[in-house]
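Below is one structure, written out as structure tokens; the observations come after it.
Numbering (the working numbering), first residue to last: 25 to 76.
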């Protein structure tokens, strides 16, 4: 039996309307898409107010 109606159930069902958990990226993949630099900037800004 085909599972063609699964997407429809996901849209209708209240607990399934939330997006699925994001896929984990390895560090190399994060660097390739520029995400690692953004995370480093975010960490740096989070650390500075804590020190003050």
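Just so it is clear, CB atoms sit at the ideal spot from N, CA and C, and this is done for glycine as well.
| Asked | Found |
| --- | --- |
| Secondary structure of residue 56, DSSP reduced to three states | helix |
| Backbone CA spacing between residue 70 and residue 63 [nearest angstrom] | 10 Å |
| CB of residue 51 within 8 Å of CB of residue 61, strictly | no |
| Inter-residue Cα distance where the pair is residue 67 and residue 54 | 15 Å |
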